[in-house]
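Visitor: Per this note's numbering, the sequence shown runs over residues 4 to 204. Don't be surprised by glycine CBs; every beta carbon is placed ideally from N, CA and C.
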Amino acid sequence: MNLLDGTKDFKPISVGNNTPNQNAGVIYFAQHRKISDLFKAGDNITISYDIEFLNTELYSDSENVFSAIQLFGGSWGQLSEVKVKYVGGKFYTKDSYKSSSYVENPAHKLTVSRTIKLTQDFINANETIESIHLLYNSVPIGATVKVTDLKLEQGSTATPWMPSFSEVVKSDYPSYIGTYTDNGSNTQSTDPLKYTWKKIE
Numbered sequence: 004m005n006l007l008d009g010t011k012d013f014k015p016i017s018v019g020n021n022t023p024n025q026n027a028g029v030i031y032f033a034q035h036r037k038i039s040d041l042f043k044a045g046d047n048i049t050i051s052y053d054i055e056f057l058n059t060e061l062y063s064d065s066e067n068v069f070s071a072i073q074l075f076g077g078s079w080g081q082l083s084e085v086k087v088k089y090v091g092g093k094f095y096t097k098d099s100y101k102s103s104s105y106v107e108n109p110a111h112k113l114t115v116s117r118t119i120k121l122t123q124d125f126i127n128a129n130e131t132i133e134s135i136h137l138l139y140n141s142v143p144i145g146a147t148v149k150v151t152d153l154k155l156e157q158g159s160t161a162t163p164w165m166p167s168f169s170e171v172v173k174s175d176y177p178s179y180i181g182t183y184t185d186n187g188s189n190t191q192s193t194d195p196l197k198y199t200w201k202k203i204e
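Here you go:
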């Protein structure tokens, strides 16, 4: 489940104002729980989302332009960061926690996923924090950024977007079909581990 509330209807400020540390939107942990209630040292958490940059011709070749998801308070620690630039008529992105190099990105879109192993120092520094925020750093005036399918979950694998436990309804769960093959049996098993499962798109 998503450990963030309201991601389905998350409507951050979409347009940059060319200032450092522009707070584009705050989103709370599920049921306004604090980090100390949700996590312990040694836990893995994974942040994932899709980000799209529009009006990309407004960007420059600056190394200081980025969008980030970070804690709202405490250590203000970053959970993710995507740097962007526009050079010679081409748009480039860099997922700062996965690469040291910019990559040409003609689609202007990126899927971000990062797993973090929490330490006791992290828990101590952020124990009362109950939200994260979307941050723009020097995103140009008039440049639009879209963030969708934002999810924070326990574990080291990014799974498809889901709402938080308190928000989920039956139709939010993905549908799967199971295939069972056993030539030596006249009846199908009730053991789900004996089936091959495929998501129905």
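I'd like the span of the beta strand (DSSP E) that includes K47, first residue to last.
Guide: First, the amino acid is wrong: residue 47 is Asn here, not Lys. Counting along the chain, the beta strand (DSSP E) containing N47 begins and ends at 47–56.
Visitor: With S116 as the anchor, note down where its beta strand (DSSP E) starts and where it stops.
Guide: That run of the beta strand (DSSP E) goes 112–120.
Visitor: Write down the C-beta distance between F69 and N140 rounded to the nearest angstrom, noting that I regard them as a contact closer than 8 Å.
Guide: Yes, F69 and N140 are in contact; Cβ-Cβ is about 5 Å, under 8 Å.
Visitor: Assign F168 to buried or exposed, taking buried as 16 or more other Cβ atoms, counted over all protein chains shown, within 10 Å of its Cβ.
Guide: Exposed is the call here.
Visitor: Taking a contact to mean a Cβ-Cβ separation below 9 Å, would you say A27 touches L113 in this structure?
Guide: No, Cβ-Cβ distance for A27 and L113 is not below 9 Å.
Visitor: Does the segment 162–181 come within contact of the segment 104–123, defined as at least 3 CB pairs closer than 8 Å?
Guide: Touching, no.
Visitor: In angstroms, rounded to a whole number, what distance separates the CA positions of K202 and Y183?
Guide: Cα to Cα, K202 sits roughly 15 Å from Y183.
Visitor: Output the boundary residues of the alpha helix (DSSP H) element that contains A33.
Guide: First-last for A33: undefined, no H or E at that position.
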